[in-house]
Amino acid sequence: MGAVTLQNPAEIKIDYAVERIREDFPILRELIHGKPLVYLDNAATTQKPRQVLNALTAYYEHDNANIHRGVYLLSERATKFHEDARKKVQKFLNAARPEEIIFTRNSTEAINLVAQSYGRKNFSAGDEVIISAIEHHANIVPWQMICEERGAVLRVIPVDDRGDLILEAYEEMLSEHTKFVALTHMSNALGTVTPVKKMIEMAHSVGAPILIDGSQAAYHMSVDLQALDCDFYAITGHKLYGPTGIGVLYGKRDLLNEMPPYQGGGDMILSVTFEKTTYNDLPFKFEAGTPDISGAIGLGAAIDFIQSTGIEKMAAHEKSILDYATPRLQEIPGLRLIGTSKSKASVLSFVLGDIHPHDVGTILDQDGIAIRTGHHCAQPVMRRYNIPATARASLACYNTFDEIDVLVKGIHKVLEVMG
Amino acid sequence: MSELRELYQEVILDHNKNPRNYREIQDANHTANGNNPLCGDQVSIFMNLEDGVIQDISFQGQGCAISKASASLMTTVLKGKTEAEAEEYFEKFRTLVTSDTENEPDIDGLGKLAVFSGVREYPARVKCASLAWHTMEAALHTIQKPVSTE
Numbered sequence: 155m156g157a158v159t160l161q162n163p164a165e166i167k168i169d170y171a172v173e174r175i176r177e178d179f180p181i182l183r184e185l186i187h188g189k190p191l192v193y194l195d196n197a198a199t200t201q202k203p204r205q206v207l208n209a210l211t212a213y214y215e216h217d218n219a220n221i222h223r224g225v226y227l228l229s230e231r232a233t234k235f236h237e238d239a240r241k242k243v244q245k246f247l248n249a250a251r252p253e254e255i256i257f258t259r260n261s262t263e264a265i266n267l268v269a270q271s272y273g274r275k276n277f278s279a280g281d282e283v284i285i286s287a288i289e290h291h292a293n294i295v296p297w298q299m300i301c302e303e304r305g306a307v308l309r310v311i312p313v314d315d316r317g318d319l320i321l322e323a324y325e326e327m328l329s330e331h332t333k334f335v336a337l338t339h340m341s342n343a344l345g346t347v348t349p350v351k352k353m354i355e356m357a358h359s360v361g362a363p364i365l366i367d368g369s370q371a372a373y374h375m376s377v378d379l380q381a382l383d384c385d386f387y388a389i390t391g392h393k394l395y396g397p398t399g400i401g402v403l404y405g406k407r408d409l410l411n412e413m414p415p416y417q418g419g420g421d422m423i424l425s426v427t428f429e430k431t432t433y434n435d436l437p438f439k440f441e442a443g444t445p446d447i448s449g450a451i452g453l454g455a456a457i458d459f460i461q462s463t464g465i466e467k468m469a470a471h472e473k474s475i476l477d478y479a480t481p482r483l484q485e486i487p488g489l490r491l492i493g494t495s496k497s498k499a500s501v502l503s504f505v506l507g508d509i510h511p512h513d514v515g516t517i518l519d520q521d522g523i524a525i526r527t528g529h530h531c532a533q534p535v536m537r538r539y540n541i542p543a544t545a546r547a548s549l550a551c552y553n554t555f556d557e558i559d560v561l562v563k564g565i566h567k568v569l570e571v572m573g
Numbered sequence: 101m102s103e104l105r106e107l108y109q110e111v112i113l114d115h116n117k118n119p120r121n122y123r124e125i126q127d128a129n130h131t132a133n134g135n136n137p138l139c140g141d142q143v144s145i146f147m148n149l150e151d152g153v154i155q156d157i158s159f160q161g162q163g164c165a166i167s168k169a170s171a172s173l174m175t176t177v178l179k180g181k182t183e184a185e186a187e188e189y190f191e192k193f194r195t196l197v198t199s200d201t202e203n204e205p206d207i208d209g210l211g212k213l214a215v216f217s218g219v220r221e222y223p224a225r226v227k228c229a230s231l232a233w234h235t236m237e238a239a240l241h242t243i244q245k246p247v248s249t250e
C-alpha cells in the first residue's frame, strides 16, 4: 500500500464511542471464515442492536396478544406498545399526527400503497408521473404498473456523471400535466443525497403531490417531515437497525383521508354487511389484517437506540469514515468510484479495472468482509454509467477506520489473486 | 489464499482474460440467450449443429471470471462433439459444481472442466459457472429460424 499522507483518524475529534456502540451489536463479534466480520453491506440491511433483540423477546415472553379488540389486559398491553411505536416513529420523523404513520411491510409496500390507492384514483390518460434516474426498482416499478394501467406517462429526471440529478431538466418536465412526483432522498447505488427540500417545492409549484423514498436516508440523517412538507414519505425498519417485515408510510392526513383503502380485511373496517362496508379511520383504514406487532415494537426500540445515540452524531461519524475511505479507495490502481456527488452519504460504489464485482465480493468474503455486488436493484443506474454491476461498501454507525483499512487491504488482495 | 486459488485456478484466470471462441457465428443455426437476473450476468451461445454434431460453437456476453471462463472452456470442449455427448458433459458438469463438499469431487471424464471443482465450495457462485451450460442446452433445442426481411 502507498504511504498514507491523509489525516490521521485519531486527529478527527468526534464525541462518539464507536467501540461502545459496537458492543450493542452481538453479530459484530462473529467470525467469518475465521476472520472478524467486517460488515459493509448496510445499504442492504443494517445489523440489530441488543436493545431491539431484547424488545422482540420481551414482547413475545410477556405481552403477546392480538391487538385493538381484546378486552383483556394482555391485549391492551400489546395494543399500547404497538401504538406507542407509532408515536415514536411520528416523533422521530416529526410528522404532525400519529395517524399519519401507516405501518407497512417495508418501503416497497409503502410505495405500492400510494401508487395503487392514490394513483388508481387520480391518474388518467395523458397525465405525467415524474421519477428520477437514480431510483431503486421499488420506486420505479410500482409507478410503471399504475401508469400502464391508467394510460399515464412516466418521465425520468436525468442524472449527471457525478450522480447529481439535473434540476434544469426536472424544471422543464414540470407542468400542469404532472400529477405526481416520486423521488429518492438518497440513492442506494451511488450514495447521492438529493436536494429534496427544493424538489418538493418545485413539485408543489405545479400542484403535484410528491412521495420521497427515505429507505436509505432515514438512518443517515435527521428527517423533519413538517419542514420538508412532502406529501408522502416511505421508510423501512430493517435499514433503521430494526427488524425485517416492518416499514412505514407517512402521508398527509387530508390526502390519506381522500384515498381509497389499499387492501381489505379485518381492522380496516368500522362495520361490514354483505351490502356495504364502512371503512375505519386513519391509520387503520390502511392496515388490513393482523399487523407485524413485534416488528412495530422492534422498530420503536430501534428508534430509541438511534435517539439515545443521536442521529447527528451517527451521521458525523459515518461522514468521517466516508471521508477517510474515499481517497484511500481512489488510490488503488484501476479502482473507479461510481457516484462522486459532493452531496453524498455512506456509500462507496466502485468498479475495479476489468475485474467483475462478483469476483471482488467472493475474494473479500474470504477475509470476512461483507459487501454487495451486482446492480443493487437499480439497473437503470448501471445502464446510465455503462457498467453491468458495481461492488458496494456501505457504512453504518458501527463501522470503524480499521475496517476501511481491512477493506483496502482486501481489495489489494483481489488485484493479486486476479492477476 | 490457497482456498481462493482452488476457485480461481490459473486456467480459469487465463480463460477469463483471453476467452476462446468469443465471437458471434453469423449463420449459426442454433442460438440462445441466458441471463442471471439476480446478478445481471448475460451470455449468448451460437452453434452450428449438423447431423447431430456441433461443428462450431461460440459465445458472447458479460459476467464474472467464473462465468466467462466456464463459457470459454465449454466451447473448447464441445466443439466437434455430438448432441448426446454435449448433454452428457452438461450433466457431469452440473453434478460436479453442485455436489456435496463432504466427498471427493467426481471429475471422471470431465477433462479440463475439472478446474471448476472448487466452485462447489461457493454456493453463491454455482449459477455463475452453470449459466453458459444451461444456455448451451437451450441452444441445442432452439432451432434458429432464418431471418426474413419479408
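So the protein lines, in turn, are chains L and F.
Per my numbering, the very first residue in the first sequence carries number 155; after that it's consecutive.
Per my numbering, the very first residue in the second sequence carries number 101; after that it's consecutive.
Virtual Cβ for every residue (Gly too), placed ideally from N, Cα, C.
Per-residue contacts from G163/F into chain L (C-beta, under 9 Å): In chain order, H510, H512, P542 make up the part of chain L whose C-beta sits under 9 Å from the C-beta of G163/F.
Between the region 470–495 of chain L and chain F, which residues of the former have CB atoms less than 7 Å from a CB of the latter, in chain order? none
Taking buried to mean at least 16 other C-beta atoms within 10 Å of its own C-beta, is R225/F buried or exposed? Taking a 10 Å sphere around the C-beta of R225/F, we find 16 or more other C-beta atoms and assign the residue as buried.
Report yes or no: is there a C-beta of chain L within less than 8 Å of the C-beta of E221/F? no
Mapping the DSSP letters down to three states, classify E219/F as helix, strand or coil. Here residue 219/F turns out to be Val, not Glu, going by the sequence shown. If DSSP states are grouped into helix, strand and coil, V219/F belongs with the helices.
Chain-order list of residues whose beta-carbon lies under 7 Å from that of E165/L (same chain, five-residue window excluded): Here the model assigns E165/L a pLDDT of 49, short of 50, so the residue's position is not dependable, and the following value carries that caveat. None.
Taking the DSSP output, what are the residues bridged to V313/L? Per the DSSP secondary-structure output, V313/L pairs in a beta bridge with L319/L.
Any C-beta of chain F under 8 Å from that of I517/L: yes
Determine, for L561/L, whether the minimum Cβ-Cβ distance to residues of chain F falls below 8 Å. no
Tell me which residues of the region 206–230 of chain F have at least one Cβ-Cβ distance to chain L shorter than 9 Å, keeping chain order. Y222, A224, R225, C228
In chain L, which residues lie with their C-beta within 7 Å of the C-beta of L104/F? I517, Q520, V571
Can you pull the chain L residues whose beta carbon is under 9 Å from the beta carbon of G140/F, in chain order? G528, H529, Q533, M536, P542, A543
Contacts of L113/F in chain L (Cβ-Cβ under 7 Å): M572, G573
Min CB distance Y108/F to chain L below 8 Å: yes
Excluding the five sequence neighbours on either side, which residues of its own chain have a C-beta within less than 6 Å of the C-beta of V192/L, listed in chain order? Closer than 6 Å at the Cβ level, and outside the excluded window around V192/L, lie G522, I523, E557, V560.
Does the pairing of the region 262–273 of chain L with the region 386–406 of chain L give three or more beta-carbon distances under 8 Å? Contact holds: three or more Cβ-Cβ distances are below 8 Å.
Given a cut-off of 8 Å on the beta-carbon distance, is the pair I311/L and A287/L in contact? In this structure, A287/L lies closer than 8 Å to I311/L by Cβ.
In whole angstroms, what is the alpha-carbon distance linking D206/F and E185/F? One C-alpha to the other measures close to 17 Å.
With a cut-off of 8 Å, do at least 3 Cβ pairs link the region 529–540 of chain L to the region 445–457 of chain L? Cβ pair count under 8 Å is below three, so no.
Going straight from the alpha carbon of L107/F to that of P487/L, what length do you get? A straight line joining the alpha-carbon of L107/F with that of P487/L spans about 24 Å.
Could you tell me which uninterrupted alpha helix (DSSP H) segments, each at least 4 residues in length, are contained entirely in the region 250–279 of chain L, listed from first to last along the chain? The region 250–279 of chain L contains these whole alpha helix (DSSP H) runs: 261–268.
Whole angstroms are fine: how far does the CA of A209/L sit from the CA of I175/L? 18 Å
Do you know how far the Cα of K181/F is from the Cα of V153/F? 6 Å
CA-to-CA distance, S170/F to I366/L, given in whole angstroms: The alpha-carbon of I366/L is positioned some 43 Å away from that of S170/F.
Would you list the residues sitting across from E282/L in a DSSP beta bridge? Note: E282/L sits in a beta bridge opposite V307/L, T332/L.
In the DSSP output, which residue or residues are listed as bridge partners for P190/L? L185/L
Other residues of its chain near I423/L: CB distance less than 8 Å, five sequence neighbours each side excluded: T431, T432, Y433, N434
Ordered along the chain, which non-local residues of its own chain (more than five positions away) have a Cβ less than 7 Å from that of K241/L? P252
Would you call H115/F buried or exposed, if buried means 16 or more other Cβ atoms sit within 10 Å of its Cβ? buried
Looking at C-beta atoms only, is the number of pairs between the region 194–205 of chain L and the region 177–185 of chain L that lie closer than 8 Å three or more? yes
Strictly by DSSP, which residues pair up with R574/L? The structure shown has nothing for residue 574/L, since chain L only spans 155 to 573.
Per the DSSP calculation, N135/F is bridged to which residue(s)? DSSP lists Q142/F as partners of N135/F.
Proximity below 8 Å, CB of G161/F to CB of V143/F: yes
To the nearest angstrom, report how far apart V172/L and Y552/L are at their CA atoms. 6 Å
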